[in-house]
Amino acid sequence: MDLNEKFGWSNSNSIVSKSYTCGYCGNSLVSNVGYSGFGFNSNRPSFIYICHFCTRPTYFDPEGEQIPGKAYGNDVNEISEKGIQTLFQEARNATSANCYTAAILCCRKLLMHIAVSKGAKVGASFADYVEYLSNNNFVPPDAKIWVDHIRKKGNEANHEIVIMSPEDAKELIDFCEMLLKIIYEYPASIQKKYLQPKNDLDNK
Ligand SMILES: [Zn+2]
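Here the sequence shown is numbered in this note's numbering, starting from 68 and rising by one per residue.
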């Protein structure tokens with residue numbers, strides 16, 4: 068989705084203002100522009116709010132549930148591999164649709180990709196890959212208490228039908244986010260900050 072493309076919405080109205088975080092662009096906002104309507108068999112209102120940053124519409128049902136919701140987790144910059152960037156975003160987007168088991172399966176695939184990109188052998192088990200990342204020091208010492216837990220949870224999601232909870236999905240997204248920052252974002256930002264000027268000097 069190209070969020071730079073903006074939309075004008077015909078006949079949108081001024082409605083009761085609502086504060087929310089846009090599931091498309093991630094901005095927190097207060098909007099009073101959109102549409103309201105009632106169920107045919109009830110007088111309970113639903114609302115559609117238009118985000119004034121990205122112009123995308125967000126639906127709020129009579130219970131106040133937001134669709135799409137806010138994607139869990141934070142952006143990670145400087146991920147050089149497109150597939151890894153896409154999988155991480157898919158895992159986060161799945162949480163915005165309350166699809167937590169799907170988010171976990173995305174994270175599992177993501178961790179396998181990361182491990183293979185860091186030298187693990189292809190075709191190993193999920194548990195082996197998590198162990199590989201831990202044993203090769205991609206997981207900081209204090210975060211290693213996560214490793215056993217995540218390995219166990221990952222296997223649960225794969226081998227039997229167990230619907231995963233929001234907490235399980237968020238925990239695994241946190242773990243992936245930490246790894247991606249350590250492997251991609253921090254080295255790239257250090258590189259930019261310190262190594263680049265030095266290279267420039269060397270070239271003079
Ligand atoms: Zn938005």
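In this text, a Cβ means the ideal position worked out from N, Cα and C, and glycines have one as well.
Alpha-carbon to alpha-carbon, Gly186 and Leu178
Translated into positions along the sequence shown, residue 178 becomes position 111. Translated into positions along the sequence shown, residue 186 becomes position 119. Approximately 12 Å between the Cα atoms of the pair.
Check whether the Cβ of Tyr116 lies closer than 7 Å to any heavy atom of ligand 1, and answer yes or no.
The residue given as residue 116 occupies position 49 in the sequence shown. No - ligand 1 has no heavy atom lying nearer than 7 Å to the Cβ of Tyr116.
So is the beta-carbon of Phe127 under 7 Å away from any non-hydrogen atom of ligand 1?
Along the sequence shown, read from residue 1 onward, the residue named residue 127 stands at position 60. No, the beta carbon of Phe127 sits no closer than 7 Å to any heavy atom of ligand 1.
Among residues of its own chain, excluding the 5 on either side of Ser86, which ones have a beta-carbon nearer than 6 Å to its beta-carbon?
If you number the sequence shown from 1, residue 86 lands on position 19. Here the set comprises Val97.
So, Gly190 versus Ser163, is the Cβ gap smaller than 8 Å?
Locating residue 190 in the sequence shown gives position 123, counting from the first residue. Locating residue 163 in the sequence shown gives position 96, counting from the first residue. It is not a contact, given that the beta carbons lie outside the stated cut-off.
Please confirm whether any heavy atom of ligand 1 lies closer than 7 Å to the CB of Phe120.
Indexing the sequence shown from 1 puts residue 120 at position 53. Flag set: Cβ of Phe120 near ligand 1.
Just to confirm my understanding: we take Gly106, look at its own chain, exclude 5 residues before and 5 after, and list those with CB closer than 6 Å. What are they?
Your numbering for residue 106 matches position 39 in the sequence shown. For Gly106, where only same-chain residues beyond five positions count, there are no Cβ hits under 6 Å.
Opposing strand residues paired with Ile117 [DSSP bridges]
As a first step, residue 117 is located in the sequence shown; it is residue number 50 there, counting from the start. In DSSP, Ile117 forms a bridge with Pro124.
Counting C-beta neighbours from all protein chains within 10 Å, is the total for Arg159 16 or more, i.e. buried, or is it exposed?
By one-based count along the sequence shown, residue 159 stands at place 92. Under this definition Arg159 is a buried residue.
Straight-line Cα distance separating Trp213 from Leu262:
One-based indexing of the sequence shown puts residue 262 at position 195. One-based indexing of the sequence shown puts residue 213 at position 146. Linking Leu262 to Trp213 through their CA atoms gives a straight-line distance of about 33 Å.
So, Ile228 versus Ile181, is the Cβ gap smaller than 8 Å?
Taking the sequence shown and counting its residues from 1, one reaches residue 228 at position 161. Taking the sequence shown and counting its residues from 1, one reaches residue 181 at position 114. In this structure, the beta-carbon distance from Ile228 to Ile181 does not fall below 8 Å.
Return the CA-CA distance between Val83 and Ala236, expressed in angstroms with no decimal places.
As a position in the sequence shown, residue 83 is number 16, starting the count at 1. As a position in the sequence shown, residue 236 is number 169, starting the count at 1. The alpha-carbon atoms of Val83 and Ala236 are separated by roughly 33 Å.
Ignoring anything shorter than 4 residues or poking outside the region 205–262, list the alpha helix (DSSP H) runs there in chain order.
Fully enclosed alpha helix (DSSP H) runs of 4 or longer: 212–226, 233–247 and 253–257.
Is Asn94 near ligand 1, with its Cβ less than 7 Å from a heavy atom?
As a first step, residue 94 is located in the sequence shown; it is residue number 27 there, counting from the start. Yes.
Examine ligand 1 and report whether any of its heavy atoms sits within less than 7 Å of the Cβ of Arg218.
Reading the sequence shown from its first residue, position 151 is the one you call residue 218. Taking the Cβ of Arg218 as the reference point, every heavy atom of ligand 1 lies at 7 Å or farther away.
Note down the Cα distance separating Phe120 from Cys92, rounded to an integer number of angstroms.
Here residue 120 corresponds to residue number 53 of the sequence shown, with the count starting at 1. Here residue 92 corresponds to residue number 25 of the sequence shown, with the count starting at 1. Taking the straight line from one Cα to the other gives about 8 Å.
Sequence-distant residues of its chain with Cβ nearer than 6 Å to Phe242 (five each side left out):
Translated into the one-based positions of the sequence shown, residue 242 becomes position 175. Trp213 and Ile217.
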